[in-house]
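**Q**
In my numbering, the protein residues as written are 3 to 149.
(1) If you follow the alpha helix (DSSP H) that residue 119 is part of, which residue opens it and which one closes it?
(2) Okay, do the region 43-53 and the region 76-91 touch, 3+ Cβ pairs below 8 Å being the bar?
(3) Please return the same chain residues whose Cβ sits closer than 8 Å to the Cβ of residue 110, not counting the five positions on each side in sequence.
(4) With 16 as the cutoff for other CB atoms within 10 Å, does residue 38 come out buried or exposed?
(5) Quick one: is residue 123 buried, meaning 16 or more other Cβ sit within 10 Å of its Cβ, or exposed?
(6) Am I right that residue 60 and residue 32 are in contact with their C-beta atoms under 8 Å? What's the rounded C-beta distance?
(7) If residue 142 sits next to residue 134, beta carbons under 8 Å apart, how far is it from one beta carbon to the other, in whole angstroms?
(8) Is residue 116 closer than 7 Å to residue 19 when the C-beta atoms are compared?
(9) List in chain order: all unbroken alpha helix (DSSP H) runs of 4+ residues lying wholly within the region 51-80.
(10) Among the residues of its own chain, which have a CB less than 7 Å from the CB of residue 68, if the five just before and after it don't count?
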């Protein structure tokens with residue numbers, strides 16, 4: 003998809019997306035996956051303290067490079083992990099998980115962002131994606147059974 007966009011389309015803000023861009027959603031996807039990959043060796047994933055590198059949201063070529071690297075790096079054996087999360091500014095907690103469970107979580111979370119990207123593509127108007135783009139696997143299977 004990113005190869006079909008120019009940098010202007012990639013970084014264009016859309017009011018319907020609360021003034022977010024395709025780049026903003028792409029940055030979020032890259033950073034979530036990076037958190038899981040980066041926390042693998044230490045056994046602790048902290049999604050709250052991601053880098054939030056706005057350059058990724060503005061530079062489509064950087065995003066393509068980083069996304070490619072992240073996707074190559076995410077294939078690892080399963081293992082136990084701790085996930086750090088914050089209830090509020092003062093309470094920090096950790097819960098048990100596994101690497102594969104976090105990849106499932108990230109996949110589902112990414113699908114949500116792909117759906118939002120699809121809305122932006124509708125406004126851009128010159129990019130076609132598959133009708134299932136941004137749709138959860140369970141919804142795709144459900145729709146297939148209805149037909």
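Note that CB positions come from ideal geometry on N, CA and C, so glycine has one too. Fair warning: this is a prediction, and the values are worked out from it, not measured in the lab.
**A** Short version:
(1) Position 117 of the chain shown, counting from 1, holds the residue named residue 119. From DSSP, the alpha helix (DSSP H) with residue 119 extends over 101-126.
(2) Touching, per the Cβ criterion.
(3) Counting from 1 along the chain shown, the entry for residue 110 is found at position 108. If you ignore the 5 residues before and after residue 110, its C-beta comes within less than 8 Å of the C-beta of 138, all in its own chain and listed in chain order.
(4) As a first step, residue 38 is located in the chain shown; it is residue number 36 there, counting from the start. Around the beta carbon of residue 38, 16 or more other beta carbons lie within 10 angstroms, which makes this residue buried.
(5) To locate residue 123, count along the chain shown from 1; it is residue 121. Its Cβ being crowded by 16 or more others within 10 Å, residue 123 is buried.
(6) Counting from 1 along the chain shown, the entry for residue 60 is found at position 58. Counting from 1 along the chain shown, the entry for residue 32 is found at position 30. Residue 60 to residue 32, Cβ: 13 Å. No contact.
(7) Counting from one through the chain shown, the residue named residue 142 turns up at place 140. Counting from one through the chain shown, the residue named residue 134 turns up at place 132. The pair is a contact, with the Cβ atoms about 5 Å apart (cut-off 8 Å).
(8) Along the chain shown, read from residue 1 onward, the residue named residue 19 stands at position 17. Along the chain shown, read from residue 1 onward, the residue named residue 116 stands at position 114. Contact: no.
(9) As far as the region 51-80 is concerned, its whole alpha helix (DSSP H) runs of at least 4 residues are 56-60, 62-75.
(10) Sequence index remark: in the chain shown, residue 68 carries index 66 (1-based). If we look at residue 68 and ignore the five residues flanking it on each side, its Cβ neighbours are 32, 58.
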